[in-house]
Every structure is written in C-alpha cells, then in structure tokens.
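In the numbering used here, the protein residues as written are 1 to 117. Input: a single structure, listed below in structure tokens.
As structure tokens, this is what we get:
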C-alpha cells in the first residue's frame with residue numbers, strides 16, 4: 001500500500017524534468033534548474049518561464065543572484081521550521097537572512113564595474 005506522498009513524488013520528479021528542459025531552451029543550466037526544481041517544484045517552473053532569456057555578451061552581477069537565492073533559502077527554512085516544529089532550523093535561517101542582507105547591501109554599495117575580474 002502506498003501513501004499519497006509516494007504517489008505524488010513521481011509528479012514532482014516529472015515537473016523537475018520539465019523544468020530542466022524549459023531551462024535548457026532558455027539558455028540556462030539544465031542540471032542546476034533540475035536540482036532547484038526538486039526543492040521548489042512548481043515555483044521553479046514558474047521562475048524559468050517568467051524570467052527572460054539571458055542576453056548574450058552581457059555580464060551580470062552574481063552577488064545579486066546569490067542574495068536572492070540566499071533569501072529564498074532562508075524563507076524556505078523558516079517555513080519548514082514553522083511547519084515541522086523543528087525550531088532549531090531558525091538558526092541557519094537567520095544566518096542565511098544575514099548573508100542575504102549583506103550581499104544585497106554590497107551589490108548596491110560597490111559598483112559591479114569596480115570589482116576585480
């Protein structure tokens with residue numbers, strides 16, 4: 001006898017594969033978006049569909065992307081800690097939120113053009 005979680009895990013995996021395919025069509029890393037979709041599910045699919053294709057030859061500031069990722073990870077940890085009752089997970093969530101704040105502040109304070117390459 002299977003549980004609902006076991007039955008729905010195949011749908012989640014299929015959605016991650018679809019997200020990876022969509023990411024490849026948009027010129028993004030298939031493997032990276034597959035792993036992200038395993039954790040975020042339909043939200044990752046929506047992000048791949050809504051974000052525009054990266055422009056060729058344009059260098060982006062990865063600090064901002066990392067800050068957004070750290071913020072999403074902190075939010076996911078807070079939601080998981082609240083839903084499961086594992087309040088000890090709030091400590092890494094606070095650390096990730098702090099990293100998010102520092103990286104966001106740095107990305108606004110230090111111009112990207114002045115960074116060493």
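Idealized CB from N, CA, C, for every residue including glycine. Small disclaimer: the values here were computed from a predicted structure and weren't measured.
* **Alpha-carbon to alpha-carbon, residue 96 and residue 27** => To locate residue 27, count along the chain shown from 1; it is residue 27. To locate residue 96, count along the chain shown from 1; it is residue 96. Distance between residue 27 and residue 96, taken at the CA atoms: about 28 angstroms.
* So, are the CB atoms of residue 46 and residue 34 less than 8 angstroms apart? -> Numbered from 1 along the chain shown, position 46 holds the residue referred to as residue 46. Numbered from 1 along the chain shown, position 34 holds the residue referred to as residue 34. Remark: C-beta atoms of residue 46 and residue 34 do not approach each other more closely than 8 angstroms.
* **Simplified DSSP state of residue 41, which is helix, strand or coil** => Along the chain shown, one-based indexing puts residue 41 at 41. DSSP places residue 41 in coil when its eight states are reduced to three.
* Asked: So residue 23 packs on residue 29, CB below 8 angstroms; how close in whole Å?
  -> Position 23 of the chain shown, counting from 1, holds the residue named residue 23. Position 29 of the chain shown, counting from 1, holds the residue named residue 29. Between residue 29 and residue 23 the Cβ distance is about 7 angstroms, and since that is below 8 angstroms, they are a contact.
* Which one of 56, 72 and 54 has the shortest CA to CA distance from residue 44? -> Numbered from its first residue, the chain shown carries residue 44 at position 44. When each option's Cα is compared against that of residue 44, the closest is 72.
* When every heavy atom of the ligand PLP is checked, does at least one fall within less than 7 angstroms of the C-beta of residue 92? -> This structure does not include the ligand PLP; it has no bound ligands of any sort.
* Could you tell me how far apart the beta carbons of residue 90 and residue 99 are, in whole angstroms, since I believe they sit closer than 8 angstroms? => Reading the chain shown from its first residue, position 90 is the one you call residue 90. Reading the chain shown from its first residue, position 99 is the one you call residue 99. Between residue 90 and residue 99, the beta carbon gap of about 15 angstroms keeps them out of contact (Cβ cut-off 8 angstroms).
* To the nearest angstrom, how far is it from the Cα of residue 54 to the Cα of residue 101? -> Reading the chain shown from its first residue, position 54 is the one you call residue 54. Reading the chain shown from its first residue, position 101 is the one you call residue 101. In a straight line, the C-alpha of residue 54 is about 25 angstroms away from that of residue 101.
* **Assumed close pair residue 74, residue 93 - CB separation to whole angstroms, cut-off 8 angstroms** => Reading the chain shown from its first residue, position 74 is the one you call residue 74. Reading the chain shown from its first residue, position 93 is the one you call residue 93. That pair is a contact at about 5 angstroms.
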